[in-house]
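Visitor: My questions all concern the structure below.
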Amino acid sequence: MLTILVANIKGGCGKTTIATHLAAASAVAGLPTVLADVDRQRSSLGWLERRPEKAPSLIGMDWAKDFDSAPRGTKRLVIDAPAALKTRQIEDLVKMADVVVLPVLPGAFDEQATQRFLGKLEELKSIARHRKAVAVVGNRMRARTKAADRLDQFLGGIGHRVVTRLRDSQIYADAAATGLSLFDMPGKRAGEHRADWAPLLTYIDGV
Ligand SMILES: Nc1ncnc2c1ncn2[C@@H]1O[C@H](COP(=O)(O)OP(=O)(O)OP(=O)(O)O)[C@@H](O)[C@H]1O
Ligand SMILES: [Mg+2]
């Protein structure tokens, strides 16, 4: 089983969007997948409740109180973390994960929070010893903007780079509202947006 933790202490940076998409991508690929929601807001579980019956199925788990184990036979476990996490919870979740996906929005406030979170992660032994992969994902990016350049500079300055950039698009609001993902949606537009995800999926498959 491969465990993917989607986390950042910054609110609204795209954790649930990315967790639901990674879980859906894995279900579409035919892998038995669990989406574990640590957030008391239950956003991921709400998305799952809206998911059409015809769409490739996923198992949802409510981890707001306890981190239970995924059912036997699970191939992918995707964990959607809340913004407010205690250091102890971060440690426990990171320990479980094979890869940590860290969404970051362009902008000084988000960069600051991300730097703090990366600092916290690097204090953890498993990350410090490079046994754990961290994939930074630039979210809601507009190509060739100052903000995008700044984010690259910022990440370079702290020894990271983005694995991929997801563009800012209404399609993500549509996906959230319908329980779908770009991986379940037909049409050219969804196909174009799926290209943004390819580097991240390749990175995760390589872990
Ligand atoms: N690439 C994107 N383009 C457009 N809208 C986006 C994108 N990514 C996320 N959003 C929207 O931004 C809002 C916040 O995203 P999301 O809920 O995924 O963030 P979060 O980090 O899980 O937030 P929280 O900290 O509250 O859990 C949502 O309305 C979502 O639809
Ligand atoms: Mg969320």
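Residue numbers for the sequence shown follow the working numbering, beginning at 6 and rising by one.
For every residue, glycine included, the Cβ atom is placed at its ideal position computed from N, Cα and C.
#1: Going by C-alpha to C-alpha distance, which of R93, I163, A29 and V109 sits closest to R38?
#2: Measure the CB-CB distance between C18 and V109 and report whether it falls below 8 Å.
#3: Does DSSP classify D44 as helix, strand or coil?
#4: From G35 to A12, what does the alpha carbon distance come to, in whole angstroms?
#5: Answer yes or no: the CB of L90 versus the heavy atoms of ligand 1, is any distance below 7 Å?
#6: Which partner residues does I64 have in the DSSP bridge list?
#7: Identify the residues that DSSP records as bridge partners of T8: which are they?
#8: So if DSSP puts A140 in a beta bridge, which residue, or which two residues, is it bridged to?
#9: Can you pull the DSSP bridge partners for M146?
#10: Would you call the segment 169-179 and the segment 122-133 in contact, with 3 or more CB pairs under 8 Å?
#11: Please classify P111 as buried or exposed, where buried requires at least 16 other C-beta atoms within 10 Å of its C-beta.
Guide: Judging by the given coordinates:
#1: The amino acid occupying residue 38 in the given sequence is Thr; Arg does not appear at that position. Selected option, being the one with the closest Cα: A29.
#2: yes
#3: coil
#4: 25 Å
#5: no
#6: Under DSSP, I64 forms a beta bridge with V39.
#7: L82
#8: V106
#9: R172
#10: no
#11: buried
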